[in-house]
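The opening residue of the sequence shown carries number 24 in the numbering used here; numbering runs sequentially from there.
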Amino acid sequence: MVVLSTAIFFAKSFGFTVSVTDSVIEEPFLLKLKTYNEGYLILKDSVLISDKQKTNIQLNTGNYTGFAELSIGDNLVCGFIINKNEPNLNLRFNTEKYSKEGIAFNNTKDNLLYSELLSIKEKFNTSFRNIYEAKSNLMPLDSFYLNKQLQYEHQYEQLYNQINIVADSILKKDSLNYTSILADFLKVPTQKYFPALSNSFDNYDALLHYHYFDFIDFSNPLILNHPALKDYIYNYFTLYCINTPENLKQGIDIIMKQSNKNTQVKNYVFNVLIDLFLEGKNDAIINYLYENYADGCAVQLSNSKQQTAFESIVYTQVGATIPNIILNDSKNELQSLLRNASKNKYTIVYVWMSSCHACETKTPKLAQTIAPYLKKGLGVYSISLDEEKDDWFEAIVKYDIKSWTNVSELTALQNASVLPKLNIRATPKLFIIDKNGIIVAKDIFGTDLLNKLNKLLN
């Protein structure tokens, strides 16, 4: 238990000097300071506070300027701004009250201005949600549907004009404040600010699709020292990018072109987009990002699960080298996918399971389609996801695929290593690879498969 009335922090250019006063600390606790490093919140420093060690303790911040978080153990105390231009930050909070009312800042214009900005943003979000909900509830068969759509877009634009004026007032107060950088994230282009744009667009949503990021200074790496950029990107793809492949690609091109002004910013934006489309399980868009913008960008995703998902998508696209699979065959002998492939001109990698209805339909047709090509240099590496050996063996006989190389892990689906390696989300799954393991086609059946095999082997 910690009984603590007040903690006082004095910030200098080298960091915080921590003093805990008017308190009885029955159990020591770890005080953590987190700051951003190229867009990612990391532990900057920590100190153990105890009744014997509670005054004149330093937390290092170096020359950092940006948003920081202070926490006791895993409990967030507050988020605030560190600015090397304001070396006399005095942060006071009550540990029994982790709320705005329990926190006070002295001797720091940046944090006072930041609190003002957050209050403005909260009011703006309320107004925005009201318009958004009203617009979303419009019925396409309403006789004045288009008219009402334009009215709501006009309300959006008026709201953005108001917030732009407020953001400009914050920017003018003191350009040395870090909050002045954040004020740009409140702003959104309008025809009032860019009169020439009115000749290019007949609706406001289209204008924002192309110009949403115009106020953001992508050349300034300090924009990475706050979660605002990530939120701004997510808002853009939620509100002003229609969820179609071409529209999403266009949105990616727009933001990646802007972020190209700074290597650190570009790398961060690339990873935010990968994370975003991994959440949406949009393999085609992830592959588009990787093929067009991965050059010079290090993949640094939010967690190891996301990293594995990303790699499985990238490594199973046409043109990539398929991950090697080594499993026991129906005779209990180990079979390597890449070693098998090296013996053939081309190899079909087929993933299926006996209980899959689509597999039950497609597997016999597949066997019939490829039979003439098995003597022309085509091999088959067939991966069953069955858990029971009897089910697997019965299906091999049923589908008459004994001549294929049939392998299986014979494990529950949740434990199957093949699923993440080959990015399997549904069965059946089909790849065609060359003798070096390069994927030349995927997920084609029937006439498309026949045409591809004729092209490859005739």
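Ideal Cβ positions, reconstructed from N, Cα and C, are used throughout, including at glycine.
Please report how far the alpha carbon of L401 lies from the alpha carbon of L389, in whole angstroms. 13 Å
Could you tell me which residues DSSP pairs with I95 in its beta bridges? Beta-bridge pairing links I95 to L54 and N98.
Rounded to whole angstroms, what is the Cα-Cα separation between I348 and L161? 52 Å
If I follow the unbroken alpha helix (DSSP H) through I419, where does it start and stop? In this chain, the alpha helix (DSSP H) harbouring I419 covers K412 to K421.
With three or more beta-carbon pairs closer than 8 Å as the criterion, would you say the segment 375–383 touches the segment 414–424? Result yes; three or more Cβ-Cβ pairs closer than 8 Å.
I want to see whether chain B comes within less than 8 Å of D414, judged by CB atoms only; does it? The structure shown contains no chain B, having only a single protein chain.
Quick one: Cα of F260 to Cα of F217, how far? 22 Å
Between L141 and P250, what straight-line distance do the alpha-carbon atoms span, to the nearest angstrom? Using only the alpha carbons, I get a separation of about 13 Å.
Every unbroken beta strand (DSSP E) inside the segment 181–220 [3 residues or more]: none
Cutoff 6 Å; reference P163; Cβ partners in own chain excluding five residues on either side: none
Quick one: what does DSSP say D68 is sitting in, helix, strand or coil? strand
Beta carbon of D237 nearer than 8 Å to that of Y263: no
Among Y179, L53 and I104, which residue has its Cα nearest to the Cα of N226? Residue Y179 is the option with its Cα nearest to N226.
Taking the beta strand (DSSP E) that A449 falls in, what are its first and last residues? Counting along the chain, no beta strand (DSSP E) covers A449, and no H or E run does either.
Give every residue of the same chain whose Cβ lies closer than 8 Å to the Cβ of L453, excluding the five residues on either side of it in the sequence, and list them in chain order. I371, V372, Y373, V374, L389, K465, D466, I467, F468 and L472
Quick one: Cα of G102 to Cα of L114, how far? 11 Å
My output table needs one value for Y396: the three-state DSSP class, helix, strand or coil. helix
Would you list the one or two residues that DSSP bridges to Y59? L64
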